[in-house]
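In the UniProt record's numbering, the protein residues as written are 1 to 199.
Notes follow once the structure below has been shown.
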């Protein structure tokens, strides 16, 4: 299960109003500094999940930060770390520049090409109707894949480069699934920060 190709140049019909992409949101120096800081100082954890009646380790490491000590998301209670100065500054910068509001951020560490996140939609009721999620990428370039919920043959992908910022919004979580696939190519670590507003 390798990564999909990039958005096709011809016949492209992915609804562009559902994503907003800023390829070089952070400068190379800013992105390098934040990547090194988060790799060193984040209290990474590996969680588990039930798949096909078996409990398996999630193939990536995670950490939550937020305004509150705990959040309820779906059927899970999530313990959150207090904002670090760097993450708080980054949240304020994104909010001020784009006009959205966030009260939490999930950090994912994809350690190498074996780490991934399966097809899913962020549809928990605590995220509200048609949530806006801001996704900042650091480190290894990975492809972010989309497929239509009703027609899996409609698949598209966008390369998330070091320092890039992607907004998912509108009906995206209703109509499209997304993933980061495992890869057959050797890859270095990647950190993804997804800013969310949990009600």
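By construction, the Cβ of each residue, glycine as well, lies at the ideal position given by its N, Cα and C atoms.
I need the straight-line Cα distance from residue i to residue j, nearest angstrom please.
i, j, result
"residue 10", "residue 42", "Any reading at residue 10 must be qualified, since the residue scores a pLDDT of 44, below 50, and its modelled position is unreliable; the value itself is stated next. If I take the Cα positions, the gap works out to 42 Å."
"residue 33", "residue 185", "26 Å"
"residue 170", "residue 74", "20 Å"
"residue 188", "residue 65", "24 Å"
"residue 27", "residue 54", "43 Å"
"residue 135", "residue 50", "26 Å"
"residue 199", "residue 29", "34 Å"
"residue 57", "residue 80", "20 Å"
"residue 85", "residue 91", "10 Å"
"residue 16", "residue 156", "11 Å"
"residue 132", "residue 154", "22 Å"
"residue 24", "residue 160", "10 Å"
"residue 68", "residue 83", "10 Å"
"residue 38", "residue 162", "14 Å"
"residue 89", "residue 158", "27 Å"
Which same chain residues, not among the five before or five after residue i, have their C-beta less than 8 Å away from its C-beta?
i, result
"residue 22", "164, 165, 166"
"residue 62", "44, 45, 46, 47, 106, 107, 108, 109"
"residue 174", "121, 123, 130, 149"
"residue 95", "101, 102"
"residue 118", "179"
Per DSSP, residue i is paired with what?
i, result
"residue 20", "167"
"residue 177", "147"
"residue 55", "50"
"residue 76", "73"
Kindly list the residues whose CB is nearer than 6 Å to the CB of residue i, restricted to its own chain and excluding five residues on each side of it in sequence; keep chain order.
i, result
"residue 197", "101, 102, 103"
"residue 190", "110, 139, 140, 142"
"residue 172", "18"
"residue 137", "160, 164, 192"
"residue 14", "156"
"residue 128", "199"
Does the beta carbon of residue i sit closer than 8 Å to a beta carbon anywhere in chain D?
i, result
"residue 157", "Checking the listed chains, one finds no chain D in this structure; it contains a single protein chain."
In chain order, what residues of the same chain lie with their CB nearer than 7 Å to the CB of residue i, ignoring the 5 residues before and after it?
i, result
"residue 115", "59, 60"
"residue 78", "64, 70, 71"
"residue 87", "65, 105"
"residue 35", "138, 139, 191"
The region 174-181 contacting the region 128-146, beta-carbon criterion three pairs below 8 Å:
yes
Does the region 114-131 come into contact with the region 68-86, if we say contact requires no fewer than three beta-carbon pairs (one atom in each stretch) closer than 8 Å?
Because the criterion of three Cβ pairs below 8 Å is met, the region 114-131 and the region 68-86 touch.
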